[in-house]
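Residue numbers (my numbering), protein chains in the order written: chain A, 4 to 357; chain B, 36 to 373.
Don't be surprised by glycine CBs; every beta carbon is placed ideally from N, CA and C.
Model, not experiment: these values are computed from the prediction.
Below, the structure is given as structure tokens:
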């Protein structure tokens with residue numbers, strides 16, 4: 004299996020100026036999307052009032068000229084949702100970039116070696132358990148079991164794929180596929196027996212930021228931020244891995260140790276995101292590819308770019324989902340993202356073969 | 036809040052309970068758990084329909100279907116109803132003008148169709164619920180209102196009562212609970228008495244009659260029939276109405292083989308309430324005869340396939356459930372209601 008033939012998306016050699024411009028545009032996009040998301044909603048609290056409320060809450064200035072419900076809507080509903088969109092989108096896109104590099108496979112996404120299936124099984128089991136209210140650090144049982152399930156699935160996959168001479172990437176992918184299938188069968192079985200709770204299960208599996216709250220963010224933000232920072236610090240090793248494991252080793256990279264650390268960090272970011280949002284698809288697959296098409300595959304730029312564009316894409320998609328009457332955001336990411344990605348693919352073909 | 040200086044002795048006629056009270060809006064905020072206590076919500080009501088103020092002292096603590104204890108510091112004046120059955124209970128107790136938002140399924144009483152809708156296609160718009168500034172939200176249990184939404188509203192400090200009655204007794208208990216919440220105990224007691232009298236009348240009317248094996252078709256798609264679930268509310272109503280319910284599993288699904296084995300003597304097509312093509316008895320009989328295995332059912336052979344047009348009141352656990360029971364009894368035992 005020649006997974007390394009994914010030549011173009013993983014080509015090195017960025018143009019720093021171009022990358023800076025692209026990331027700059029992404030930051031502007033993210034800011035606009037975030038402001039728009041705080042300013043827009045179904046209740047008719049407009050941009051001016053929303054801004055006044057945020058300024059009042061942050062800085063304590065300005066006279067209160069709004070009903071308390073407006074403050075609740077902006078501060079407790081819209082803002083946590085925007086922050087959750089940023090954090091989850093950033094985490095998924097970064098993890099996607101890392102998995103694509105470690106596995107040297109363009110089809111890899113954050114869920115490829117078991118995080119999604121493990122988190123889903125955990126969450127669905129929690130949804131169906133006859134346990135009433137259970138909370139810890141502001142998290143429910145659903146979030147905790149989803150987080151634990153995602154990490155546990157990756158640990159199991161990694162353990163299965165480990166041979167005497169390390170963890171072959173192909174074995175890792177295949178073990179991930181098989182374990183995911185097994186766990187998904189468990190999810191399907193639970194769904195079949197879930198009866199009246201099926202709606203809750205389906206809604207979790209489709210992914211949504213509707214239940215975002217500050218306590219849940221206090222859990223997820225540090226995990227994703229720390230994972231991101233540690234991943235960015237390893238950009239040289241990620242670049243080296245793109246050349247193939249033997250070349251990386253000859254460059255002095257401890258390949259097996261590096262793969263273990265990178266997989267663990269990416270799985271941590273993914274599981275933390277999935278725990279608070281459900282399995283939102285497409286962001287983690289597409290954003291790294293978009294950026295490689297735009298400025299190449301140097302991880303020093305690719306990871307920050309993924310952070311910015313993953314955040315912007317998910318915030319935008321969630322705004323669309325909210326304004327479209329509360330449809331699951333995972334549907335929107337695919338509906339908007341897939342055609343856009345296809346257009347970009349076609350365009351890049353036209354450019355390179357002209 | 037109860038200290039407005041307005042107390043009055045209970046009077047027999049509900050109409051005479053109209054009290055005009057100056058209504059400070061502070062309790063709206065108190066119940067909303069508003070974070071900015073330095074602002075005042077605009078007071079929308081100068082005249083308050085404080086039904087039976089004297090008989091229901093506040094604060095009152097109620098335990099709902101989720102087992103949550105909900106304390107109301109004053110009679111709620113801004114109610115958001117997340118289920119049509121909840122709306123009907125509030126309106127039947129004279130609290131219709133306190134409802135500020137409903138669902139897009141709400142159709143009774145007619146005036147509620149004019150209200151803002153915060154549940155569209157079963158999706159609860161939490162932002163719109165908060166914007167309605169409710170001092171009480173009435174949710175529905177069993178995931179009809181998603182648990183995540185109930186927990187979110189709860190977390191915002193909004194009082195949420197969840198109703199999920201699964202028997203007639205639980206419907207009347209919920210009516211009594213809402214009566215207590217509204218400060219309308221007397222109206223609730225009267226309504227419960229009326230419902231119980233009418234239920235007794237139905238039971239008396241069908242007493243001693245043969246009990247036909249009755250299949251109530253909730254939904255049918257490509258060979259899968261949904262009927263009353265085993266032990267369900269609907270099954271218990273069919274029993275009260277003098278029928279022997281043919282039941283499916285807990286979700287109401289009955290397999291083709293089980294259906295033929297159960298051999299219903301009477302089929303009530305609840306789907307006819309929504310599908311005009313089934314409203315004509317001859318057309319309905321022709322339609323079900325096409326289904327594999329159905330032509331041999333006793334009900335089909337004897338032509339006892341009845342388009343049933345009262346599905347909404349029969350399956351909506353509000354005060355009109357007794358209308359549904361009466362309709363069921365008339366459909367199962369027309370001879371007893373001539």
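Quick one: list the residues of chain B neighbouring residue 40 of chain A, beta-carbon separation under 7 Å, in chain order. Going along chain B, no residue has its Cβ under 7 Å from residue 40 of chain A, so there is no contact; the nearest lies around 12 Å.
Below 9 Å on C-beta distance, what does residue 289 of chain B contact in chain A? The premise fails here: residue 289 of chain B is roughly 15 Å from chain A at the closest Cβ pair, so nothing lies under 9 Å.
In chain order, what are the residue ranges of uninterrupted alpha helix (DSSP H) at least 4 long that sit wholly in the segment 268-297 of chain B? Qualifying alpha helix (DSSP H) stretches, in chain order: 268-275 and 291-297.
Kindly indicate if chain B contains any beta-carbon less than 9 Å away from that of residue 23 of chain A. Under the Cβ criterion of 9 Å, residue 23 of chain A is not counted among the residues facing chain B.
Please name the residues in the segment 311-336 of chain A whose beta-carbon is closer than 7 Å to at least one beta-carbon of chain B, in chain order. Considering only beta carbons, the part of the segment 311-336 of chain A lying closer than 7 Å to chain B consists of 328 and 329, in chain order.
What does residue 191 of chain B touch in chain A if you count any residue whose Cβ is under 7 Å from its own? Within chain A, the residues near residue 191 of chain B are 75 and 79.
Opening and closing residue of the alpha helix (DSSP H) in which residue 26 of chain A lies: Taken as a continuous stretch (DSSP letters only), the alpha helix (DSSP H) holding residue 26 of chain A covers 19-42.
Classification of residue 318 of chain B by the beta-carbon crowding that lies within 10 angstroms, buried from 16 upward: A residue is called buried once 16 or more other Cβ atoms fall within 10 Å of its Cβ, and residue 318 of chain B, having fewer, is exposed.
Our contact map puts residue 291 of chain B next to residue 281 of chain B with C-beta atoms below 8 Å; I'd like the distance itself, whole angstroms only. About 13 Å; that fails the 8 Å criterion.
How long is the line joining the alpha carbons of residue 321 of chain A and residue 313 of chain A, rounded to whole angstroms? As the crow flies, the alpha-carbon of residue 321 of chain A is around 12 Å from that of residue 313 of chain A.
Going along the segment 187-206 of chain A in order, which residues come within less than 9 Å of chain B, judged by CB to CB distance? Hits within the stretch, in order: 198, 199, 200, 201, 202, 203 and 206.
How many whole angstroms separate the CB atoms of residue 210 of chain B and residue 92 of chain B, which I take to be in contact at a CB cut-off of 8 Å? No, residue 210 of chain B and residue 92 of chain B are not in contact; Cβ-Cβ is about 19 Å, not under 8 Å.
Judging by CA-CA distance, which residue of B/153, B/133, B/132 and B/229 is the nearest neighbour of residue 140 of chain B? Of the candidates B/153, B/133, B/132 and B/229, the one whose C-alpha sits nearest the C-alpha of residue 140 of chain B is B/153.
Cβ-Cβ separation, residue 207 of chain B to residue 231 of chain B (assumed contact under 8 Å), whole Å: Separation of the CB atoms of residue 231 of chain B and residue 207 of chain B is rounded to 7 Å, and the pair is thereby assigned contact status at 8 Å.
Can you confirm whether residue 157 of chain B, when its beta carbon is compared against all beta carbons of chain A, has any partner nearer than 9 Å? It does; some Cβ of chain A falls within 9 Å.
Taking the straight line between their C-alpha atoms, what separation do you get for residue 238 of chain B and residue 326 of chain B? Distance between the alpha carbons of residue 238 of chain B and residue 326 of chain B is about 34 Å.
List the residues of chain A that residue 280 of chain B touches, going by C-beta distances under 9 Å, in chain order. Per Cβ cutoff of 9 Å: no residues; residue 280 of chain B is ~19 Å from chain A at best.
Cβ of residue 8 of chain A less than 9 Å from any chain B Cβ? Low per-residue confidence applies at residue 8 of chain A: pLDDT is 42, beneath 50, and the placement is therefore not dependable, though the value from the model is reported in the following sentence. Answer no: the Cβ-Cβ gap between residue 8 of chain A and chain B never drops below 9 Å.
For a quick check, are the C-beta atoms of residue 150 of chain B and residue 135 of chain B less than 9 Å apart? Their beta carbons are under 9 Å apart, which means residue 150 of chain B touches residue 135 of chain B by this criterion.
Could you tell me the alpha carbon to alpha carbon distance between residue 68 of chain B and residue 191 of chain B, rounded to whole angstroms? Because residue 68 of chain B sits at a pLDDT of 36, beneath the cut-off of 50, its placement in the model cannot be relied upon, and the point is left open.
Give me the residue from A/52, A/54 and A/85 with the minimum Cα distance to residue 220 of chain A. Nearest to residue 220 of chain A by alpha-carbon distance, out of A/52, A/54 and A/85, is A/85.
Considering only the alpha carbon of each residue, which of B/369, B/350 and B/357 lies closest to residue 119 of chain B? Scanning B/369, B/350 and B/357 for the CA closest to the CA of residue 119 of chain B turns up B/350.
Let me confirm a value: residue 111 of chain B is counted as buried when at least 16 other C-beta atoms fall within 10 Å, else exposed. Which label applies? Answer is buried; the Cβ neighbour count reaches 16.
Does residue 328 of chain B pass the burial test, meaning 16 or more other C-beta atoms within 10 Å, or should it be called exposed? Residue 328 of chain B is exposed by the Cβ-count criterion.
Let me check one thing: in DSSP terms, what residues is residue 291 of chain A bridge-paired to? Partner(s): none; residue 291 of chain A has no beta bridge.
Beta-carbon of residue 54 of chain A versus every beta-carbon of chain B: anything under 9 Å? Not a single C-beta of chain B is nearer than 9 Å to the C-beta of residue 54 of chain A.
Output yes or no for whether 9 Å exceeds the beta carbon distance between residue 271 of chain A and residue 226 of chain A. Going by C-beta atoms, residue 271 of chain A is nearer than 9 Å to residue 226 of chain A.
Take residue 164 of chain B and list the residues in its own chain whose beta-carbon comes closer than 6 Å to its own, dropping the five residues that flank it on each side. Here the set comprises 115 and 153.
Please tell me whether residue 4 of chain A has its Cβ less than 9 Å away from any Cβ of chain B. Here the model assigns residue 4 of chain A a pLDDT of 40, short of 50, so the residue's position is not dependable, and the following value carries that caveat. False, the Cβ-Cβ gap to chain B never drops below 9 Å.
Start and end of the alpha helix (DSSP H) containing residue 180 of chain A? From DSSP, the alpha helix (DSSP H) with residue 180 of chain A extends over 172-195.
With three or more C-beta pairs closer than 8 Å as the rule, is the segment 147-156 of chain A touching the segment 275-291 of chain A? Flag = yes, the segment 275-291 of chain A and the segment 147-156 of chain A touch.
Which of the three DSSP states is assigned to residue 148 of chain B in this structure? In the structure shown, residue 148 of chain B falls within a helical segment according to DSSP collapsed to helix, strand and coil.
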